[in-house]
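Those protein sequence lines, which keep their order, are chains A and B. For the first sequence, our numbering gives the first residue as 645, with consecutive numbering after it. For the second sequence, our numbering gives the first residue as 4, with consecutive numbering after it. Below is one structure, written out as structure tokens; comments come after it.
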Amino acid sequence: MFSLKDLKPNFWNKRLWVSPPGASQYLFNYRRIWYLSILLTSTVALGPLIFITLVNYRVTEESIESEWLLRSSRTVSNTHRAISFFLTERRSALDFIVHDNHGKELSDPARLSTILENLKRSFGGGFLDLGLIDSAGKQISYVGPYELTDKDYSDQSWFEQVVDREFYISDVFLGYRNVPHLVIAVKQTCPDGKTFHVLRASIGIRPFEDLLSSLEIGGLGDAFMINHQGILQTNSHYHGRVLAQSSLPIPEPASTTRVIEGEDVGGETLFVGYRFIESTPFILMIVKRKSELLKAWYNTRMRLILFLVGSATFILAVITGMVTFMVNRVHVADERRLMSLHKMEYTNKMASIGRMAASVAHEINNPLAIIGENAGLIKDLFTFKEEYSKHEHLHKMIDPVLHSVARAGKITRRLLTFARNLDAAVEPVNLEETIREVLSFLNKEAEHRGIHIQVESLSDDMPVIQSDRGKLEQIFLNIINNAFAALADDGHLWIELARHGAEEVQIRFRDDGHGISPEDLEHIFEPFFSTKTDHGGTGLGLSITSNLTHEIGGRIQVESEVGKGTCFTIRLPMKLEAE
Amino acid sequence: MRVMLVDDEEELISALAERLILRGIDTEWFTCGLTALERVGSGCFDLVVLDVKMPRIGGLELRDKMRAVCPDMKFIFLTGYGSERDFLLATAREPNVCYLVKPVEIGVLLAEMKSLIESDGAKT
């Protein structure tokens, strides 16, 4: 199963590994190098990308917003013009009528009726009624659905206004029959200069509503009119019915179209375009919901963000992959270099040990020979000469001296052999003999700890192989040393030699020591892996053993069970090709 | 049998000589190769035991010089363990070079001496 663990690169968890002296700073630094590289590269790669995207985003957002504002503004302006024109048109009509007809004519209800019909026909509905009022404020004549003849308007504020300003436009109100309408009135001063007539007409709000609803306003828009007190003059979709109080705040007076941002009762942002319609009590309001308007922008924005996230992810993935790859390579190269250095160090060490051993052995051999010879002479004197034959006691003391000389001689000879064999050379090697020779180095320790060692050839015809004796001795010494370290006192070590096929031999080193855990087993041949770091292990022994084995064309394997024991198996070619 | 011993270690060579004398072998010993050479000049020996590594004149060179004086002399070389290889390399082309590795057991030396002397007798 592919798991996150597989993604971890080799250099990540090097806690298992022993830091070689002086190089501990390397092993942890790989992680740091990895982090720093990724951080730096990502910043440089993604920084500008993100920055530019953000700038782009802001600019686009602002430009879209400003475009909408402009559009709103334009719509309001255009609509305002239409409404203003509508009102002006009707006012002018009344103006014309009042100038074109004498007061007397207009007092005639029949004439008024005709005029009203004509008005209705020419101006497509809207005019509801028509009435003439004299200077005293009394309704002289009236045509229309209401019963207003003889009504007195003298004390009404609108009358005063129309007297004052020559015309009057009212806000919308609910008149008789609960139909919302407004009133336009124009004044015509009589030729005598003192009296005047006021022609008054009611206009339904349908035309306004038709006009406003014919507007194409996106964004769940609402177009309606309010008066200066905020009372709705037409029906709106979302902000109240006619003659209700608008739910929006009354805008500031202004002489031009304004578009402002506001909030509705639900907290949603709105674009409110308004225009005070001059000479009327009306304010045109066109309200759009910002969120609706910007829906298209939001889609684009989403795509932009997705793109950014997508490319950033991709870039990061590539960077991470590349950096991981590179750091891995660096790590591998470093490891190899360290290994090489250590191998060289090891070889040099072995060489100087060899030289030293040789020279020490040599130096010792000379005095040894003198001791031996003189002791031998003393013994001869005791044997050959009559006068010394009585000194039995002294005679007996010579033998221990001679034995010790022989023993010392053996040891120096072994040392010299080992040292000599460190030079690479291919020669006939008797494996059993070589193993026994190596064991002789460790005899004392084995005896002391009660370790039982058994060497046996499982095949009858164990061949003498062609190989490098020096390397074999090092390999065997290393493995046996490791076995000794794992064994408890009184433990066993079995060494078995056998043929393996036609071209190979096999040597097995089996012990009943404490064994190796499966986790350690994985790493056991790796350089710098050691379970003995607390007592001076360098972790190089088995790695070098493995290298040496490969150098002489062989293979090495290990099996182990914790608590039961370990078994090292070495396979060697019978004939090593000399380089 | 008349035997000459040459080795720069006096303590070694004097003891060895005495041991041979105790066994009835006529032995003379020298610590200096040149002195030994002079001695040969005044009379040949049957066998010479030479140390290979000596100051001023080495064993092999000494042998060659002695052979020039007494062609029939037999030679046994004594060599240290470490220099065995070098010695073998140096005498690779020669057949039948006798050598023993120090420290030498008296029995081994006697056997070697005996076989050398007798082998010559068998030849003729």
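For glycine and all other residues, C-beta sits at the position ideal for the given N, C-alpha and C.
Three-state secondary structure assigned by DSSP to residue i
i              : result
residue 662/A  : The predicted position of residue 662/A is uncertain, since its pLDDT is 41 and thus under 50; no value can be drawn from it.
residue 692/A  : helix
residue 1142/A : strand
residue 932/A  : strand
residue 966/A  : helix
residue 59/B   : coil
residue 1000/A : helix
residue 805/A  : helix
residue 889/A  : strand
residue 869/A  : strand
residue 89/B   : helix
residue 898/A  : coil
residue 1264/A : The displayed coordinates of chain A run from 645 to 1223. Any statement about residue 1264/A would go beyond what the structure contains.
residue 1111/A : strand
residue 1033/A : coil
residue 126/B  : Reliability fails at residue 126/B, whose pLDDT of 42 lies under 50, so the model's placement of it is uncertain and no value is given.
residue 1073/A : strand
residue 701/A  : helix
residue 54/B   : strand
residue 83/B   : coil
residue 838/A  : coil
residue 971/A  : helix
residue 923/A  : coil
Distance between residue j and residue i (C-alpha atoms, nearest Å)
i              : j              : result
residue 1152/A : residue 1115/A : 17 Å
residue 1013/A : residue 1106/A : 38 Å
residue 1073/A : residue 1109/A : 5 Å
residue 827/A  : residue 792/A  : 14 Å
residue 1121/A : residue 1083/A : 8 Å
residue 810/A  : residue 802/A  : 11 Å
residue 1000/A : residue 1066/A : 12 Å
residue 122/B  : residue 76/B   : 13 Å
residue 813/A  : residue 904/A  : 27 Å
residue 50/B   : residue 81/B   : 13 Å
residue 39/B   : residue 1068/A : 41 Å
residue 714/A  : residue 890/A  : 24 Å
residue 53/B   : residue 1085/A : 33 Å
residue 898/A  : residue 928/A  : 12 Å
residue 844/A  : residue 885/A  : 26 Å
residue 974/A  : residue 1123/A : 32 Å
Environment of residue i [buried if 16+ CB atoms lie within 10 Å]
i              : result
residue 909/A  : exposed
residue 62/B   : buried
residue 1207/A : exposed
residue 789/A  : exposed
residue 733/A  : exposed
residue 966/A  : exposed
residue 970/A  : exposed
residue 745/A  : buried
residue 688/A  : exposed
residue 4/B    : exposed
residue 2/B    : No statement about residue 2/B is possible, as the shown extent of chain B runs from 4 to 127 and does not include it.
residue 821/A  : exposed
residue 865/A  : buried
residue 996/A  : exposed
Of the listed residues the options, nearest to residue i (C-alpha basis)
i              : options                       : result
residue 1076/A : 1104/A, 1056/A, 732/A         : 1104/A
residue 699/A  : 787/A, 894/A, 952/A           : 952/A
residue 64/B   : 6/B, 21/B, 36/B               : 36/B
residue 717/A  : 958/A, 818/A, 916/A           : 916/A
residue 925/A  : 885/A, 819/A, 1047/A, 873/A   : 873/A
residue 694/A  : 956/A, 1220/A, 986/A          : 956/A
residue 945/A  : 706/A, 1146/A, 1064/A, 1057/A : 706/A
residue 721/A  : 1046/A, 900/A, 1168/A         : 900/A
residue 44/B   : 88/B, 66/B, 106/B             : 66/B
residue 1158/A : 1135/A, 1130/A, 1164/A        : 1130/A
Please list, in chain order, the residues of the segment 87–100 of chain B that have any C-beta partner in chain A closer than 8 Å. 88
The segment 1027–1052 of chain A: which residues have C-beta closer than 9 Å to a C-beta of chain B, in chain order? 1027, 1028, 1029, 1049, 1050
Cβ-based contacts, 8 Å cut-off: residues of the segment 1058–1088 of chain A near chain B: 1060, 1064
Can you give me, in chain order, the residues of the segment 989–1020 of chain A that have a beta carbon less than 7 Å from any beta carbon in chain B? 1002, 1005, 1006, 1009, 1010, 1012, 1013, 1014, 1016, 1017, 1018, 1020
Going along the segment 6–21 of chain B in order, which residues come within less than 8 Å of chain A, judged by CB to CB distance? 12, 14, 15, 18, 19, 21
Name the residues in the segment 65–79 of chain B whose C-beta lies less than 9 Å from a C-beta of chain A; which are they? none
Cβ-based contacts, 7 Å cut-off: residues of the segment 1090–1115 of chain A near chain B: none
When you check each C-beta in the segment 105–121 of chain B against every C-beta of chain A, which residues fall closer than 9 Å? 105, 106, 107, 108, 109
When you check each C-beta in the segment 20–39 of chain B against every C-beta of chain A, which residues fall closer than 9 Å? 21, 22, 25, 26
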